[in-house]
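Engineer: Chains as they are written, first to last, in this note's numbering: chain Y, 624 to 763; chain H, 186 to 686.
For every residue, glycine included, the Cβ atom is placed at its ideal position computed from N, Cα and C.
This is the structure I want to talk about, given as structure tokens.
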Amino acid sequence: MAEHLQLRSGDVDFRIEIRDGVILVDGTAVETPRQAWSVADGDTRWVFLNGEVFEFEVQRQGRRKPAAHHASLSAPMPATVLRINVAPGDTVTRGATLLVLEAMKMELPVRAPGDGVVTAVSCREGDLVQPGTPLIEMDE
Amino acid sequence: MSLRRVLIANRGEIAIRIARACGEAGIETVAVYSDADAGAPHTLAADRAVRIGPAAPSESYLNIPALLDAARAAHADAIHPGYGFLSERAAFATACDEAGLVFIGPTADTIARMGSKIGARALMEAAGVPVVPGLTPEDQSDAGILAAVTRIGYPALVKASAGGGGKGMRALHAKDHAAEMIAAARREAQSAFGDGTLYVERLVERPRHVEIQIFGDAHGNIVHLFERECSVQRRHQKVIEESPSPAIVPSVRARMGDAAVAAARAVQYRNAGTVEFLLEGSGESARFYFLEMNTRLQVEHPVTEAVAGVDLVRAQLAVAAGEPLPWTEDALSQRGHAIECRVYAEDPANGFLPQAGPLLLYSEPTGPGIRVDAGVLEGGDVPVTYDPMLAKLVVWAETRTAAIDRGIAALRRYPVLGIRTNIPFLIRVLDHPRFRSGEVHTGFIDQHLEELIAQPAPSPAAAALAAAAVGPTFRSGATRSGVDDADSPPDAWTTLTGWGR
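Written out as structure tokens, the structure reads:
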């Protein structure tokens, strides 16, 4: 009985087949390195290999993310909105600083995860925001 | 007088470090914790633990009355403040004195005098310690400012006397356009601070941040324990520290050491402290300028402990109890090379954004010359409320190159999974050709950011590991699909039952 799995890390996809204890990646048998660590957290898989960390997502059938998608950027922790650099309708490039939060006495820039268009800004400068509060919506 | 029971007014790795030193010295320890830290590793490291308030630092670790109440209730006779939090608040040292508790650190008066930047600068100038040349010209006209710039020499920095943050600041490299830039600086200063007064200072280009560890006792003895190079910083926070500094030759080290001792003597310094300098250039021609004095134990103190072969926290306890310093200057020397890497829960590729969440897998490297001071355990949760530093990896080896190699090898055996950390970033810094050759300055990370955050594409081997991954060991009944309790990470108490593997 073979087990099939689709994994994605960033924009790289891997087709996995596990047959008789052998792991095939895109059809080729791969031996797992010994000096390595991994852990599963639901559909998220974390891998530590030779000092690099990789995050994979298990892709479920019918739930695969479309190439173009909607991103909602939220506050990672309780923070104050220091500056907002964009307005709805702005075209931004990957890595652009959309807004700057302040928490733990540090300025935390929130950057665009990809090229896209800002569709909504749901905070104001000076706002105190809680983790998970949506700050900016964008279409990639 | 000897100390019997010390309350540790801190959390995380430094609270554990202090508890260990106290234990070795036969002193009992009292940990304190906020609601966010119930059951946290530092509370388990002490003989007893007392709750001091809600998660917000202002209501717990910064709450002086709550800490004094805890000390009284636990019958402590001394308080160690650690670093951060209340460690440099003169009011806390005073409150301890008034409550009859020994404050393990300098006197309130010393803390207050060094806490004022302007006051400290004047004090240092009077003590003959070099400071960055600068002045507020009496003649504030364009010609007056220009005359001051000429006197100080190029490159010079013209900045608003009334404030900071880069507003009203101009770097002048030559006389060309100097007048325009002075006028622009004045306009900015006027509009930002309502005060157009300008301050002229020598611009230290590509400076290094080098600090000297000093130590004084109640008997008037003061020694220095050499330097720590702390130039690798992001957002003005240190990331990697080492000793000796690759930029310092013996003659400069001797002069910096003398200056640091003079600085400490000027305030009759007692206990552990650090004098921070800006260092310009390297070799015999290097120049150094007083930056500020930190009146406490530093995060990076293990680097000094490794090369000087001393226990700074143990010495703090002895000196606080009135004993003389355990070392004389002549008996101290540097041996080998030590490097500290601060492991932060942060995402370097996303502006070093702090991360919070569960430590699904956490395993520290071990081996010769490797020390890890950590405040976390596998299965624990990194809260959003406090500093994102998880641990410090300190490596020691005979040479700088060997220490770098050992640091890289140790980081490659330091898996932390479940939240993003800067471990891959630290490896790239240590392995960077400019770091290996010792050519670092405070702008190093910004200058090389692109290469330092570049991540390799996942390999088929990594994908195979991901496919073979199972749920965290500490979660009983975790299955291969691991869909059980991802939203409710366990606290350290539940973790401990499955511990000891």
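1) I'd like the span of the beta strand (DSSP E) that includes Glu721(Y), first residue to last.
2) What residue range is occupied by the uninterrupted alpha helix (DSSP H) comprising Leu497(H)?
3) Between Thr459(H) and Met441(H), which are expected to be in contact by the criterion C-beta below 8 Å, what is the C-beta distance as a whole number of angstroms?
4) I want to see whether chain Y comes within less than 9 Å of Arg535(H), judged by CB atoms only; does it?
5) Less than 9 Å between CB atoms is the rule here; does Ile555(H) satisfy it with respect to chain Y?
6) Short of 8 Å Cβ to Cβ, which residues in the segment 720-741 of chain Y face chain H?
7) Reducing DSSP to helix, strand and coil, say where Thr586(H) ends up.
8) Would Pro429(H) pass as a contact of Arg438(H) if the rule is Cβ separation under 9 Å?
9) In three-state DSSP terms, what is Glu563(H)?
10) According to DSSP, is Cys746(Y) part of a helix, a strand, or is it coil?
11) Which residues does DSSP list as the beta-bridge partners of Leu578(H)?
12) Between the segment 238-255 of chain H and the segment 556-576 of chain H, do three or more beta carbon pairs fall short of 8 Å?
13) Would you call the segment 492-505 of chain H and the segment 585-597 of chain H touching, i.e. three or more CB-CB distances under 8 Å?
14) Any C-beta of chain Y sitting closer than 9 Å to the C-beta of Pro322(H)?
15) Flag this pair as touching only if the segment 466-478 of chain H and the segment 315-324 of chain H have three or more C-beta atom pairs under 8 Å; answer yes or no.
16) Ile630(H) lies in the alpha helix (DSSP H); which residues open and close that run?
17) For Arg613(H), tell me which candidate among Phe629(H), Ile604(H), Thr321(H) and Asp324(H) has the shortest Cα-Cα distance.
18) Under a three-way DSSP split, which group does Phe270(H) fall into?
19) Check the Cβ-Cβ distances between Ser697(Y) and every residue of chain H, and say whether any is below 9 Å.
20) Cα separation between His617(H) and Pro539(H)?
21) Give the DSSP-derived three-state secondary structure of Leu630(Y) in the structure shown.
22) Counting only C-beta atoms, is Gly300(H) closer than 9 Å to chain Y at any point?
23) Taking Ser518(H) as the reference, which of Gln632(H), Ala642(H), Ile589(H) and Ala493(H) has the closest Cα?
24) Rounding to the nearest angstrom, what Cα-Cα distance links Pro689(Y) and Val601(H) in this structure?
25) Who are the Cβ neighbours of Glu760(Y) in its own chain at under 6 Å, not counting the five residues just before and after it?
26) Check whether the Cβ atoms of Val709(Y) and Leu724(Y) sit closer than 9 Å, and answer yes or no.
27) Using CA atoms only, rank isn't needed, just tell me which of Asn607(H), Glu365(H) and Ala523(H) is closest to Pro426(H).
28) With 16 other CB atoms within 10 Å as the buried threshold, where does Thr716(Y) fall?
29) Any beta carbon of chain H sitting closer than 9 Å to that of Pro754(Y)?
30) Which bits of chain H does Val676(Y) rub up against, with CB to CB less than 9 Å?
31) To the nearest angstrom, report how far apart Leu544(H) and His627(Y) are at their CA atoms.
32) Quick one: which residues of the segment 250-274 of chain H get their C-beta closer than 8 Å to a C-beta of chain Y? List them in chain order.
33) What did DSSP end up calling Pro618(H) once you bin it into helix, strand or coil?
34) Please identify the residue among Ser301(H), Arg355(H) and Ser416(H) whose C-alpha is closest to the C-alpha of Thr480(H).
35) Tell me which residue opens and which closes the alpha helix (DSSP H) that His486(H) is part of.
36) What are the partner residues of Pro539(H), as DSSP defines its beta bridges?
Structural biologist: Reading off the structure:
1) In the sequence on display, residue 721(Y) carries Leu and not Glu. Element bounds for Leu721(Y): Thr720 to Ala726.
2) Per DSSP, Leu497(H) belongs to the alpha helix (DSSP H) from Leu497 to Ala505.
3) About 12 Å separates the CB atoms of Thr459(H) and Met441(H); that is not less than 8 Å, and the two are not in contact.
4) It is Asn, not Arg, that sits at residue 535(H) in the sequence shown. Interface residue, yes.
5) Ile555(H) does not count as touching chain Y.
6) Listed in chain order, the positions of the segment 720-741 of chain Y with a beta carbon within less than 8 Å of a beta carbon of chain H are Thr720, Ala726, Met727, Met729, Glu730, Leu731, Pro732, Val733 and Arg734.
7) Three-state DSSP puts Thr586(H) in a helix.
8) With respect to the 9 Å criterion, Pro429(H) and Arg438(H) are classified as neighbours on the basis of their beta carbons.
9) Under the three-state reduction of DSSP output, Glu563(H) falls in the coil class, being neither helix nor strand.
10) Assignment of Cys746(Y) by DSSP, reduced to helix, strand and coil, places it in the coil class.
11) Partner(s): Cys526(H) and Val557(H).
12) Contact between the segment 238-255 of chain H and the segment 556-576 of chain H is present: 3 or more CB-CB pairs across the two stretches fall below 8 Å.
13) Taking a cut-off of 8 Å on C-beta distances, the segment 492-505 of chain H does not touch the segment 585-597 of chain H, as fewer than three cross pairs fall below it.
14) Interface flag for Pro322(H) against chain Y is unset, since no Cβ pair is found closer than 9 Å.
15) Here the segment 466-478 of chain H makes contact with the segment 315-324 of chain H; the two share three or more CB pairs at distances below 8 Å.
16) Unbroken alpha helix (DSSP H) run through Ile630(H): Phe629 to Gln632.
17) Taking only the C-alpha atoms, the option nearest Arg613(H) is Phe629(H).
18) When secondary structure is reduced to three states using DSSP, Phe270(H) falls in the coil class, being assigned neither helix nor strand.
19) Chain H, which has no Cβ nearer than 9 Å to the Cβ of Ser697(Y), makes this no.
20) A straight-line Cα-Cα distance of about 24 Å links His617(H) and Pro539(H).
21) Three-state result, Leu630(Y): strand.
22) No, Gly300(H) lies away from the interface with chain Y (no Cβ there is under 9 Å from its Cβ).
23) The option with the nearest alpha carbon to Ser518(H) is Ala493(H).
24) Here the model assigns Pro689(Y) a pLDDT of 46, short of 50, so the residue's position is not dependable, and the following value carries that caveat. Across the structure, Pro689(Y) and Val601(H) are spaced so that their CA atoms are roughly 30 Å apart.
25) Counting only Cβ-Cβ distances below 6 Å, and skipping sequence neighbours, we find Ser695, Thr742 and Ala743.
26) By the CB criterion at 9 Å, Val709(Y) and Leu724(Y) fall outside the cutoff.
27) For the record, residue 426(H) in the displayed sequence is Glu; it is not Pro. Taking only the C-alpha atoms, the option nearest Glu426(H) is Ala523(H).
28) So Thr716(Y) ends up on the exposed side.
29) Yes, Pro754(Y) lies at the interface with chain H (some Cβ there is under 9 Å from its Cβ).
30) Within chain H, the residues near Val676(Y) are Pro600, Val601, Leu602, Arg605, Thr606, Ile608, Pro609 and Gln640.
31) Looking at the two C-alpha atoms, the distance is approximately 28 Å.
32) Going along the segment 250-274 of chain H in chain order, one finds no residue with a Cβ nearer than 8 Å to chain Y.
33) In the structure shown, Pro618(H) sits in a helix (DSSP, three-state: H, G or I).
34) When each option's Cα is compared against that of Thr480(H), the closest is Ser301(H).
35) Per DSSP, His486(H) belongs to the alpha helix (DSSP H) from His486 to Ala493.
36) Residue pairing by DSSP places Pro539(H) opposite Glu531(H) in a beta bridge.
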